[in-house]
Amino acid sequence: MKAGLTIPFALDPLGHLVAARDLPKLAPGPFRCAACQSPVILKQGETRTWHFSHSPGSDCASGFETSLHLLAKQILLEHRHLRSPALICVDDSSLREDITVCEEHTIRWDVEGEAEKWMDSIRPDFVVDCGEQLLIVEVIVTHEVDAYKLAQLERLATPALAIDLSDVERDVTVDALTERIVETAAGKRWLFYPGWAEALAILDARLKEDEARLAEEEAEAAAAFAAERATVLARQAAARLKVERANELFRQAPDADKMEFLARKLTLAERDWPTVLGGSVRCASSVKARTRIWQADVFRKFIHGQRSLRSRPALTVDAVAAWLTQRYAVLPTASTSLRVAVRDFLCLLETHGYLRRKVSEEFEILKDALSVPGQTPRYVLHPAAAATRGLFWTRNYLDESKVSFAAEQSGVSLSLDAARRLIGNSSFASISRTEAEFAHSVSVAFQLPLEKAAEFLVAAGIFVRVC
Numbered sequence: 009m010k011a012g013l014t015i016p017f018a019l020d021p022l023g024h025l026v027a028a029r030d031l032p033k034l035a036p037g038p039f040r041c042a043a044c045q046s047p048v049i050l051k052q053g054e055t056r057t058w059h060f061s062h063s064p065g066s067d068c069a070s071g072f073e074t075s076l077h078l079l080a081k082q083i084l085l086e087h088r089h090l091r092s093p094a095l096i097c098v099d100d101s102s103l104r105e106d107i108t109v110c111e112e113h114t115i116r117w118d119v120e121g122e123a124e125k126w127m128d129s130i131r132p133d134f135v136v137d138c139g140e141q142l143l144i145v146e147v148i149v150t151h152e153v154d155a156y157k158l159a160q161l162e163r164l165a166t167p168a169l170a171i172d173l174s175d176v177e178r179d180v181t182v183d184a185l186t187e188r189i190v191e192t193a194a195g196k197r198w199l200f201y202p203g204w205a206e207a208l209a210i211l212d213a214r215l216k217e218d219e220a221r222l223a224e225e226e227a228e229a230a231a232a233f234a235a236e237r238a239t240v241l242a243r244q245a246a247a248r249l250k251v252e253r254a255n256e257l258f259r260q261a262p263d264a265d266k267m268e269f270l271a272r273k274l275t276l277a278e279r280d281w282p283t284v285l286g287g288s289v290r291c292a293s294s295v296k297a298r299t300r301i302w303q304a305d306v307f308r309k310f311i312h313g314q315r316s317l318r319s320r321p322a323l324t325v326d327a328v329a330a331w332l333t334q335r336y337a338v339l340p341t342a343s344t345s346l347r348v349a350v351r352d353f354l355c356l357l358e359t360h361g362y363l364r365r366k367v368s369e370e371f372e373i374l375k376d377a378l379s380v381p382g383q384t385p386r387y388v389l390h391p392a393a394a395a396t397r398g399l400f401w402t403r404n405y406l407d408e409s410k411v412s413f414a415a416e417q418s419g420v421s422l423s424l425d426a427a428r429r430l431i432g433n434s435s436f437a438s439i440s441r442t443e444a445e446f447a448h449s450v451s452v453a454f455q456l457p458l459e460k461a462a463e464f465l466v467a468a469g470i471f472v473r474v475c
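Taking the numbering used here, I'd label the letters of the sequence shown as residues 9 to 475.
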């Protein structure tokens, strides 16, 4: 026996398991180990819990486990009832209720049970006739029930209960073990119970039903998506065809009709158009139309009335060139020269105050209506646009100290709360407003000249100057 391992139970002269702590002082014995059947010594000292011990030199290491197994069967033989656990088939595949095969309950019997009784080819630890049916009990201490015995239990179709005592401590008492085995469902599970297979079959049927329903729903969703996608594609195709037909009609129309169409859209008679439309640009011949016509068409499509729109099309060289390619059937071989013509035209509009360059090939609209030559334009360029020429949003992180310092350097009276509000407003404004609009609002709020407001915003790091 390994040093330090004590045995709380042993066989008395009559072959019954007894607990060392329950014996009287100097109980005569003899006592034997339940595992190796060799004599053991009753230890009843004053400091340690009373126990049994093998003689020196013994190599028995399973005395406790074997005695625990035997004691469990002895307890079952001495009682006429047993608390059993519930058996529930858990439905993890759906939101339906689980299937309860049996509730936790107490099983009672009137006749004495039997230990180690042969039943066909197996010998259960305990079996008892409960009246309507037999009950088989397997006690687990060190080894689980093997696959062969499980198969035989299922073949017998008799309720079979496992009591797992593998976690019982060596200092357990008989009373505590009896309480656990007889009165509680702790550590117990059904190895077989009538109705379990049927419950599993119900769960399997549910699973198949759920899978079929899911497959049907997925098929319906796929069909709906395909139909919606087909509708969208059809609409897109119809829209493309409509645009292509409109472009074709426009290309085939006489120049006079084109001019009439553009004048109506621009709300300005062709004779009143400014000279910027038809201005000289490089590679103008890449578009197979009069320069005045295609330039007016670009102004109509990308600039006219756009400042009042919440969502504006991108005004870039690439976007305009792509649209002209479709509108005027520009050949792919002319793509480079077309971009040159577009860039020159947008730069020409910039010099006349209609646009302002944001980055190399992207422009911002400053004025979205044509000015009549010799007349005051209906859309006068705001002085803020001039004050912010070459200024752009930095979109950098701003801190109060930098804004306050910039205010001090620029001679602007600015409180800490006002600096915080300015930082918050600039974060939102950089998305929704132009530099000119924001500079104008700062000029009004702090009663500053526009030029000084722009200077302050640059010093504060809100704007950056790009020469």
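Just so you know, even glycine gets a beta-carbon here, dropped at the ideal spot from N, CA and C.
Span separating the alpha-carbon of residue i from that of residue j
| i | j | result |
| --- | --- | --- |
| A329 | L270 | 19 Å |
| W58 | P36 | 15 Å |
| M127 | C68 | 31 Å |
| K309 | A444 | 24 Å |
| A223 | I96 | 28 Å |
| L476 | K216 | Residue 476 falls outside the range modelled here, since the chain spans only 9 to 475, and no answer is possible. |
| D133 | G23 | 17 Å |
| A393 | N433 | 19 Å |
| G287 | A297 | 14 Å |
| L456 | T359 | 28 Å |
| D175 | L76 | 11 Å |
| S46 | H62 | 8 Å |
| F72 | P32 | 21 Å |
| S66 | A28 | 19 Å |
| D263 | R279 | 14 Å |
| G53 | L78 | 26 Å |
| R131 | V153 | 12 Å |
| A230 | R237 | 10 Å |
| T239 | L339 | 31 Å |
For residue i, the first and last residue of its enclosing alpha helix (DSSP H)
| i | result |
| --- | --- |
| I130 | From DSSP, I130 is part of no alpha helix (DSSP H); its letter is neither H nor E. |
| V240 | W204 to Q260 |
| V411 | E408 to S418 |
| W281 | First-last for W281: undefined, no H or E at that position. |
| P391 | P391 to A395 |
Neighbourhood of residue i by C-beta distance below 8 Å, restricted to the same chain and skipping five residues each side
| i | result |
| --- | --- |
| W117 | R88, H89, V136, D137, C138, G139 and L143 |
| D326 | R347 and E369 |
| S343 | A329 and T333 |
| A207 | C97, I107 and V109 |
| R428 | E408 |
| G12 | Summary for G12: the model assigns pLDDT 47, below 50, so the residue's position carries little reliability, and this model does not support an answer. |
| A193 | R91, S92, P93, A94 and E112 |
Close-in-space but distant-in-sequence residues of the same chain around residue i (CB under 7 Å, 5 per side omitted)
| i | result |
| --- | --- |
| R290 | V348, A349 and D352 |
| D20 | V26 and F39 |
| Y201 | L95, V109, C110 and P167 |
| T402 | G469, I470, F471 and V472 |
| D30 | V182 |
| W204 | L95 and V109 |
| V388 | Annotation note: pLDDT 45 at V388 (below 50); position unreliable, coordinate value reported separately. Result list for V388: empty, nothing under 7 Å. |
| I115 | H89, L90, S92, C138 and L143 |
Host beta strand (DSSP E) of residue i (start-end)
| i | result |
| --- | --- |
| F200 | K196 to F200 |
| D172 | A168 to D172 |
| E513 | Outside the displayed range of the chain (9 to 475) lies residue 513, so it cannot be described from this structure. |
| A27 | L25 to A27 |
| A18 | F17 to L19 |
| I107 | I107 to C110 |
| T192 | Neither: T192 is in no beta strand (DSSP E) and is coded neither H nor E. |
Neighbour-count burial assignment, residue i, 16 or more Cβ in a 10 Å radius
| i | result |
| --- | --- |
| W281 | buried |
| Y362 | buried |
| A468 | buried |
| L34 | exposed |
| R364 | buried |
| F60 | buried |
| K250 | exposed |
| S293 | exposed |
| H113 | exposed |
| G476 | With the chain represented from 9 up to 475, any question about residue 476 goes unanswered, as that position is not in the structure. |
| R300 | buried |
| T324 | buried |
| T396 | buried |
| H448 | buried |
6 Å Cβ shell around residue i - same chain, five flanking residues per side excluded
| i | result |
| --- | --- |
| A170 | E146, I148, R197 and L199 |
| L276 | L378 |
| T74 | A42 and A43 |
| K125 | V135 |
| P385 | Because P385 carries a pLDDT of 45, less than 50, the predicted location of this residue cannot be relied on, and the following value inherits that uncertainty. Hits under 6 Å: S379. |
| S451 | L458 and A461 |
Open item on the list: Three or more C-beta pairs under 8 Å: does that hold for the stretch 326-342 against the stretch 298-307?
Closed with: Because the criterion of three Cβ pairs below 8 Å is met, the stretch 326-342 and the stretch 298-307 touch.
Open item on the list: Between the stretch 450-463 and the stretch 415-428, can you find at least three pairs of beta-carbon atoms closer than 8 Å?
Closed with: By the C-beta criterion, the stretch 415-428 is judged to be in contact with the stretch 450-463, since at least 3 inter-stretch pairs fall below 8 Å.
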